[in-house]
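Last residue of the sequence shown: 382 (the numbering used here), numbering continuous. Let me begin by presenting the structure, written as structure tokens, before commenting on it.
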Amino acid sequence: MLIEVDKIPQEGLHIVRDFEFMSVDLVEEEAVFLEPAHVEADVNRLGDEVWIRGQMKVRLSVVCSRCLQPFDFPLDLTFDLIYLPEELDEIKEELEEEDINRLFYYHRQINLRDIILEQINLAFPLKPLCSEDCEGLCPICGQVRREGRCRCLDERTDPRLEKLKLLKR
Numbered sequence: 214m215l216i217e218v219d220k221i222p223q224e225g226l227h228i229v230r231d232f233e234f235m236s237v238d239l240v241e242e243e244a245v246f247l248e249p250a251h252v253e254a255d256v257n258r259l260g261d262e263v264w265i266r267g268q269m270k271v272r273l274s275v276v277c278s279r280c281l282q283p284f285d286f287p288l289d290l291t292f293d294l295i296y297l298p299e300e301l302d303e304i305k306e307e308l309e310e311e312d313i314n315r316l317f318y319y320h321r322q323i324n325l326r327d328i329i330l331e332q333i334n335l336a337f338p339l340k341p342l343c344s345e346d347c348e349g350l351c352p353i354c355g356q357v358r359r360e361g362r363c364r365c366l367d368e369r370t371d372p373r374l375e376k377l378k379l380l381k382r
């Protein structure tokens, strides 16, 4: 959805819309969209500056980095962005601290769809976990530990610790 900067009315825009994306657009390779992203956003303009504030809800399926099982990953995000015209991007050589939340629009247009996808991708954790206490997989047989205990670690001892096992007897 393209927002024409010059067509933003003085009172601003209120946008309520669902955005559908393909799962290949996500940075997390194993993630899958379970439903469209629902977005409510306000777009306001003062001169060439454009403010976009909004909230987004979306449900994804993500693979746990420990147990490799898919799990629901709901996102409820808010965003508050300021856009400036591309001409200012070329003038500015060094970013100031207050410029961190400022972005640039090109050809007097802002693509809201791209903003939403970027916000979703930025929300992914480095290592998605189905739960903080996920024990992962057994390193020997590969069984998911939360589904039941295997006997691999009980039966097998690290060969470097074999002598300690003899002392125990």
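Glycine residues also receive a C-beta, built at the ideal position from the N, C-alpha and C atoms.
May I ask which residues mark the beginning and end of the alpha helix (DSSP H) holding residue i?
i	result
Gln223	That residue, Gln223, is in no alpha helix (DSSP H); it is neither H nor E in DSSP.
Glu360	That residue, Glu360, is in no alpha helix (DSSP H); it is neither H nor E in DSSP.
Report the CB separation of residue i from residue j in whole angstroms; it is logged as a contact under 8 Å.
i	j	result
Leu290	Leu316	Not a contact, Cβ separation roughly 16 Å.
Pro298	Tyr318	6 Å
Pro287	Arg272	5 Å
Arg326	Met214	5 Å
Gly349	Arg358	6 Å
Cys203	Cys365	Because residue 203 is not part of the residues shown, which for the chain are 214 to 382, the question remains open.
Counting only the same chain and skipping the five closest in sequence on each side, list residues whose C-beta sits under 6 Å from that of residue i.
i	result
Gln268	Glu253, Thr291
Ala244	Leu273, Val275
Leu353	Looking at the sequence provided, one finds Ile at residue 353 rather than Leu. Correct list, in chain order: Cys365.
Could you pull out every residue in the same chain whose Cβ sits closer than 7 Å to the Cβ of residue i, ignoring the five residues on either side in sequence?
i	result
His227	Asp255
Ordered along the chain, which non-local residues of its own chain (more than five positions away) have a Cβ less than 8 Å from that of residue i?
i	result
Ala336	Leu288, Leu290
Val240	Asn334, Phe337
Determine the extent of the beta strand (DSSP E) in which residue i is found, giving its start and end residues.
i	result
Ile216	215-217
Ile329	Where Ile329 is concerned, there is no enclosing beta strand (DSSP E), although the alpha helix (DSSP H) it sits in stretches over 325-335.
Ser274	262-276
Val256	250-259
Pro287	283-298
Phe317	315-318
Measuring only the C-alpha atoms, how far is residue i from residue j?
i	j	result
Gln322	Ile265	13 Å
Asp371	Phe246	42 Å
Helix, strand or coil for residue i, going by three-state DSSP, please let me know.
i	result
Leu380	helix
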